[in-house]
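Respectively, the protein sequence lines represent chains A and B. Its first residue numbered 6, the first sequence is counted upward by one per residue in the working numbering. Its first residue numbered 4, the second sequence is counted upward by one per residue in the working numbering. Notes follow the structure.
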Amino acid sequence: MRLATGARIVWCPGCGNFGILKAFTQAVEELSAEVELGRFVLVSGVGCHGKIADYIALSSFHTIHGRVPPLLTGIKLANPGLIVVGFAGDGDMYNEGLVHLIHAARRNIDATLIVHNNSVYGLTTGQATATSPRGFRGRSTPDGNPEEPLNPIALMLASGASFVARCFAGDTAHLKQIVKRAILHRGFSFIDVLQPCVTFNNTWKLYKEKVRPIERPPESREEAIKLACSADSVPTGIFYSEERETCEEQVRIEARHASVKALIEKLK
Amino acid sequence: MDFTFRVSGMAGDGVKGAGIIAGKVFSRLGYHVFVHVEYQSLIRGGHNAAVVRVSTQKLRCHRKYGDLLIALQDYVVPVHRRYVEQVLFDSSKFTLKEGLALPMSEFAAQTEAPPVFRNAAALGALCHLYGIDVEVLNQVYRDAYGEKAEKDIVLAELGYSYAKKRFERIREVEQIGRPRALLDGNQSAGLGAVRAGLRCYYAYPMTPSTSLLHFLASHRRELGVTVVQPENEISAAIMAIGSAFAGARAMVGTSGGGFALMQEAFSLAGMAEIPVLFLEAQRPGPSTGLPTWHAQQDLRFVLHAGHGEFPRIVASPCDVEDAFHLAGELLNLAWRFQSPAVLLMDRYLSESTATAEIDVDAVKEEPPLLYEGEPEDYRRYLITDSGISPLAFPPRVMLKVTGNEHDELGYTTDDAAQSAAMYEKRMRKEKAIEEELRRRQAVRTFGSGRDVVFTWGSSTGAVIEAAEELGLRVVQVRYLSPFPKWEVEHLEFERAACVECNYTGQLASLLKEHACIEAELIPRHDGRPFTPDELVPRLREVFS
Chain A
6 MRLATGARIV WCPGCGNFGI LKAFTQAVEE LSAEVELGRF VLVSGVGCHG KIADYIALSS
66 FHTIHGRVPP LLTGIKLANP GLIVVGFAGD GDMYNEGLVH LIHAARRNID ATLIVHNNSV
126 YGLTTGQATA TSPRGFRGRS TPDGNPEEPL NPIALMLASG ASFVARCFAG DTAHLKQIVK
186 RAILHRGFSF IDVLQPCVTF NNTWKLYKEK VRPIERPPES REEAIKLACS ADSVPTGIFY
246 SEERETCEEQ VRIEARHASV KALIEKLK
Chain B
4 MDFTFRVSGM AGDGVKGAGI IAGKVFSRLG YHVFVHVEYQ SLIRGGHNAA VVRVSTQKLR
64 CHRKYGDLLI ALQDYVVPVH RRYVEQVLFD SSKFTLKEGL ALPMSEFAAQ TEAPPVFRNA
124 AALGALCHLY GIDVEVLNQV YRDAYGEKAE KDIVLAELGY SYAKKRFERI REVEQIGRPR
184 ALLDGNQSAG LGAVRAGLRC YYAYPMTPST SLLHFLASHR RELGVTVVQP ENEISAAIMA
244 IGSAFAGARA MVGTSGGGFA LMQEAFSLAG MAEIPVLFLE AQRPGPSTGL PTWHAQQDLR
304 FVLHAGHGEF PRIVASPCDV EDAFHLAGEL LNLAWRFQSP AVLLMDRYLS ESTATAEIDV
364 DAVKEEPPLL YEGEPEDYRR YLITDSGISP LAFPPRVMLK VTGNEHDELG YTTDDAAQSA
424 AMYEKRMRKE KAIEEELRRR QAVRTFGSGR DVVFTWGSST GAVIEAAEEL GLRVVQVRYL
484 SPFPKWEVEH LEFERAACVE CNYTGQLASL LKEHACIEAE LIPRHDGRPF TPDELVPRLR
544 EVFS
């Protein structure tokens, strides 16, 4: 792999993270014909997924827990020529940093966010996250998780994300296609990737049975929310996509020679 | 010449605006002006006041006693009466046994202006009382409000003519020089940072830092600064770290509670060696405390902010000019040493508006140590003697940054030898910073005398005036981290006091810790700043 760094990969054998790493690097390699690789900046949070920054030979910032979206925003506002892609975990993004996720979607910063959603805290050895099912027996919930899981797709649709997709780490060909679309999308692109944790929440079998490609793409945000809330199947693909003005287009001020003296004159 | 007057009413009466407009009348005539505002955490009702001090000398604080109160509500009169000679009041709203009766509300009604405009009539009368041509006030209104100033001007004229016929002049105030710039401490700090190359400002509203957010937002185009109000303080700090990572100079502004939320980001900036300037405008805590009042309680908090050990640069300015210089200096130092820096402001400095002679050219963007080698050889965390590794940014190089312990390339490590070497590299910067601060004004001395008063931040202003009266020497500790031990440990003096707005004596304890100086503490912790009038007797007690 051209984008490998030489860092030893320390994910468990069979981890869903491998599928995400493979699909992402393939997507970037395919895009490299049109996009200079030096322009990519990756941001990862804290959790097993966060190590991905060490495994890809692109600029990166392995930040603290839950804070991937504001870091993407700060980088993009400083230099909109950079292509910023965030990786976050479900505990990282749907628990610790949920508030940032909602506001990044509203703000529509031109960034891609890939959530490695394995419905468990892996690196802290198996506690329930916001997407763990009710009744999940983790080490902190021995009688079963008493909380309802959060629906990330419906939440992102309701928050105004301009690109919302769900993928499965076991289908790297599909994931690669969606990642490419997300990166090329102008605005905030959100991909929730269902990712089995072989050690603490092995969902390979479950997802292989339940995951189905979206048959008919929803035509509106409302339809997409309806599909996201349908209980029976786990549809994958693009739920919704729209073009609208981005955060940086609206708020970024070009650097210029600051007229401090003129402003002080005005304060007289 | 040195005199003071006050404007007071309820929130919504335009008290602060009237105080600043009045201040501008005098700064236009060449006087030094200091406007102190007091207000409560509410939008309508309550008690607001603006204390305007005018002088031929440089001002860093207000005085309690003065000529006049402009009373917009009857219930504010008892609060201020004992500090002033006379009261100018709105006689269409209430009556007083004695005082200068001006039917402000009637004038506003006649002019078909909303009631809040009545203070223009009061300021017109004020011009008469101080022997100033009302046209000076009219021009201030025109410059402030443009075409919308029409009614203010009509009201100012009405107040002026009414007063001219009925009231005796208090003073004759003449033009003594060229107009002076009038700005608050936050605005001045913002301009200093802009001179040092500020490109991004991120802030969540929090008193008393908010005036900087408003100021930079309204002038962002002429200053070339991107201004964003994110969802919370955590986001603000992380956005600033992101911008600095990508090569843009960034600052965040907040108060103690907001800075508490930024702790983890502050620590990240320390570990990842990201230069970010944090403006922390103190107010009384703990918790929400007294949200609109004054304190200097966060010194120890800022010195120990963030988990883990890492160098940080902390400085606290004493006045509006100092805020400009220190903000610029700190942003430059943050970049030079790739460390977080804190400009520790306080409510009295942040929100008081004062005239300032700002030497704009004294602050400019100083380039950091930049990497000039081949992109593929770049090591973000190259281990050097000074601890400073050359900077480069994408897309020129592949930049690897992390909040985990890392090797020279920026890849995560938990190797013992590598971890220790990187820890030591970061900590070596502390020495490098200290060497740099030895060349800068880490402390400032005012006056002379065998006895010394130590102080910091905006308390310095009142201390200087009180000390002048008593023949004491004042030492303002300007840089607080690294603590300027080299400056204070060789000071010769007979007795020492330390003046600060907190309970425990945070600077006093630092003096003891770093320089074995025992200074008698003169604390204040009622949310109010020191004034010279109140300090003189307390200092006299210590040094008698």
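Don't be surprised by glycine CBs; every beta carbon is placed ideally from N, CA and C.
Practice problem: Report buried or exposed for Val15(A), applying the criterion of at least 16 other Cβ atoms within 10 angstroms of its Cβ. | Solution: Working through the first sequence from its first residue, we reach residue 15(A) at position 10. Around the Cβ of Val15(A), a 10 Å sphere holds fewer than 16 other Cβ atoms; the residue is exposed.
Exercise. State the Cα-Cα distance for the pair Gly131(A) and Ala239(B), rounded to the nearest angstrom.
Key: Here residue 131(A) refers to the residue found at position 126 of the first sequence. Here residue 239(B) refers to the residue found at position 236 of the second sequence. Cα to Cα, the separation comes out at about 31 Å.
Exercise. Taking only heavy atoms of the ligand FAD into account, decide whether any of them is closer than 7 Å to the Cβ of Glu324(B).
Key: You won't find the ligand FAD in this model; it holds no ligand whatsoever.
Quiz prompt | Beta carbon proximity, Val125(A) to chain B, threshold 8 Å | solution = For this step, residue 125(A) is matched to residue 120 along the first sequence. It does not; no Cβ of chain B falls within 8 Å.
Quiz item: Residue range of the alpha helix (DSSP H) that Met274(B) falls in?
Solution: Counted from its first residue, the second sequence places residue 274(B) at position 271. It spans Gln266 to Ala275 - the alpha helix (DSSP H) in which Met274(B) sits, taken as one unbroken run.
Quiz item: So Lys488(B) is in the alpha helix (DSSP H); what residue range does that whole segment cover?
Solution: Translated into the one-based positions of the second sequence, residue 488(B) becomes position 485. Run containing Lys488(B): Lys488 to Val491, per the alpha helix (DSSP H) assignment.
Exercise. Would you mind telling me which residues of chain A sit closer than 8 Å to His35(B), beta carbon to beta carbon, in chain order?
Key: As a working mapping, residue 35(B) is identified with position 32 in the second sequence. Chain A residues near His35(B): none, gap ~13 Å exceeds 8 Å.
Self-check item: chain A residues whose Cβ lies nearer than 8 Å to that of Tyr414(B)
Solution: Residue 414(B) sits at position 411 when you count from the first residue of the second sequence. Residues of chain A passing the Cβ test: Thr10, Ala12 and Asp59.
Quiz item: So what does DSSP say about Ala53(B), is it helix, strand or coil?
Solution: Within the second sequence, the letter at position 50 stands for residue 53(B). Correct three-state label for Ala53(B): strand.
Quiz item: Counting contacts by CB-CB distance shorter than 8 Å, is Asn335(B) in contact with chain A?
Solution: What you label residue 335(B) is simply residue 332 of the second sequence in a count that begins at 1. Answer no: the Cβ-Cβ gap between Asn335(B) and chain A never drops below 8 Å.
Quiz item: What residue from Leu329(B), Glu521(B), Ala220(B) and Thr356(B) has the CA that sits closest to Val345(B)'s CA?
Solution: As a first step, residue 345(B) is located in the second sequence; it is residue number 342 there, counting from the start. The shortest Cα separation from Val345(B) among Leu329(B), Glu521(B), Ala220(B) and Thr356(B) belongs to Leu329(B).
Exercise. Taking Glu181(B) as the reference, give the member of Lys27(B), Glu379(B), Arg399(B) and Met401(B) with the closest Cα.
Key: As a position in the second sequence, residue 181(B) is number 178, starting the count at 1. First, the amino acid is wrong: residue 181(B) is Arg here, not Glu. Measuring from the Cα of Arg181(B), the nearest candidate turns out to be Lys27(B).
Quiz item: Are the C-beta atoms of Pro398(B) and some chain A residue less than 8 Å apart?
Solution: To locate residue 398(B), count along the second sequence from 1; it is residue 395. Answer yes: the Cβ-Cβ gap between Pro398(B) and chain A drops below 8 Å somewhere.
Quiz prompt | Test item: CB-CB of Ser214(B) and Glu354(B) under 8 Å | solution = Looking up residue 214(B) in the second sequence gives position 211. Looking up residue 354(B) in the second sequence gives position 351. A contact, by the Cβ cut-off of 8 Å.
Quiz item: Given a limit of 9 Å on CB to CB distance, which residues of the stretch 158 to 179 of chain B reach chain A?
Solution: none
Quiz item: Which residues in the same chain as Leu161(B) place their Cβ atom closer than 6 Å to its Cβ, once the five residues preceding and following it in sequence are excluded?
Solution: In the second sequence, residue 161(B) corresponds to position 158, counting from 1. Result list for Leu161(B): Phe110 and Ala124, in chain order.
Exercise. Under 7 Å Cβ to Cβ from Pro485(B), same chain only, skipping five residues before and after it: list those, please.
Key: Residue 485(B) sits at position 482 when you count from the first residue of the second sequence. Correct list, in chain order: Glu433, Ile436, Glu437 and Leu440.
Quiz item: Using a Cβ-Cβ distance under 8 Å, would Met4(B) count as near chain A?
Solution: Counted from its first residue, the second sequence places residue 4(B) at position 1. So no, Met4(B) is outside the interface.
Quiz item: With distances taken from CA atoms, which of Ala260(A), Thr251(A), Ala267(A) and Ala263(A) is nearest Ile114(A)?
Solution: As a first step, residue 114(A) is located in the first sequence; it is residue number 109 there, counting from the start. Closest by alpha carbon: Thr251(A).
Quiz item: Listed from N- to C-terminal order along the chain, which residues in the stretch 87 to 109 of chain A have their beta-carbon within a distance smaller than 7 Å of any beta-carbon of chain B?
Solution: Leu87, Val104, His105 and His108
Quiz item: With 8 Å set as the bound, which would you pick, yes or no: does the beta-carbon of Thr229(B) sit closer than that to a beta-carbon of chain A?
Solution: Within the second sequence, the letter at position 226 stands for residue 229(B). Interface residue, yes.
Quiz item: Out of curiosity, what's the CA-to-CA distance linking Thr534(B) and Ala247(B)?
Solution: Locating residue 534(B) in the second sequence gives position 531, where the first residue counts as 1. Locating residue 247(B) in the second sequence gives position 244, where the first residue counts as 1. Taking the straight line from one Cα to the other gives about 40 Å.
Quiz prompt | For Pro371(B), the three-state DSSP class (helix, strand or coil) | solution = Within the second sequence, the letter at position 368 stands for residue 371(B). Note: Pro371(B) maps to coil in three-state DSSP.
Practice problem: Please confirm whether Met161(A) and Phe205(A) have their CB atoms less than 8 Å apart. | Solution: In the first sequence, counting from the first residue as 1, residue 161(A) sits at position 156. In the first sequence, counting from the first residue as 1, residue 205(A) sits at position 200. Their beta carbons are not under 8 Å apart, which means Met161(A) does not touch Phe205(A) by this criterion.
Quiz prompt | Length at least 4, wholly inside the stretch 138 to 185 of chain A: the alpha helix (DSSP H) runs in chain order | solution = 157 to 163
Quiz item: Is any beta-carbon of chain A found at less than 8 Å from that of Pro370(B)?
Solution: Residue numbering aside, residue 370(B) sits at position 367 when the second sequence is read from its first letter. No, no contact with chain A.
Practice problem: Quick one: give me the first and last residue of the beta strand (DSSP E) that Gln113(B) is part of. | Solution: Working through the second sequence from its first residue, we reach residue 113(B) at position 110. Where Gln113(B) is concerned, there is no enclosing beta strand (DSSP E), although the alpha helix (DSSP H) it sits in stretches over Met107 to Gln113.
Self-check item: Whether Thr358(B) touches Arg183(B) by CB criterion (8 Å)
Solution: As a working note, residue 358(B) is residue 355 in the second sequence. As a working note, residue 183(B) is residue 180 in the second sequence. Yes, the Cβ-Cβ distance between Thr358(B) and Arg183(B) is below 8 Å.
Practice problem: For the stretch 365 to 389 of chain B, enumerate the residues whose C-beta is nearer than 7 Å to any C-beta of chain A, in chain order. | Solution: So the list is empty, because no residue satisfies the distance condition.
Quiz item: Where do the ends of the beta strand (DSSP E) carrying His67(A) lie?
Solution: Here the question's residue 67(A) lines up with position 62 in the first sequence. Ser64 to His67 is the span of the beta strand (DSSP E), which, as asked, contains His67(A).
Quiz item: Using the beta-carbon count (16 or more within 10 Å), is Met107(B) buried or exposed?
Solution: By one-based count along the second sequence, residue 107(B) stands at place 104. Label assigned to Met107(B): buried.
Self-check item: Whole-number beta carbon distance between His121(A) and Gly94(A), since they are thought to touch under 8 Å
Solution: Counted from its first residue, the first sequence places residue 94(A) at position 89. Counted from its first residue, the first sequence places residue 121(A) at position 116. About 5 Å; that satisfies the 8 Å criterion.
Quiz prompt | First and last residue of the uninterrupted beta strand (DSSP E) at Pro240(A) | solution = Position 235 of the first sequence, counted from the start, is the residue given in the question as residue 240(A). Pro240(A): member of the beta strand (DSSP E) spanning Val239 to Ser246, first to last residue.
Self-check item: Euclidean distance between Cα positions of Val143(B) and Leu272(A)
Solution: The sequence position of residue 143(B) within the second sequence is 140, counting from 1. The sequence position of residue 272(A) within the first sequence is 267, counting from 1. Their Cα atoms are separated by approximately 11 Å.
Quiz item: When you compare only the Cα positions, how much space is there between Ala32(A) and Lys185(A)?
Solution: As a working note, residue 32(A) is residue 27 in the first sequence. As a working note, residue 185(A) is residue 180 in the first sequence. Using only the alpha carbons, I get a separation of about 6 Å.
Quiz item: What residues match up with Thr415(B) in a beta bridge as DSSP calls it?
Solution: As a working note, residue 415(B) is residue 412 in the second sequence. Paired residues: His409(B).
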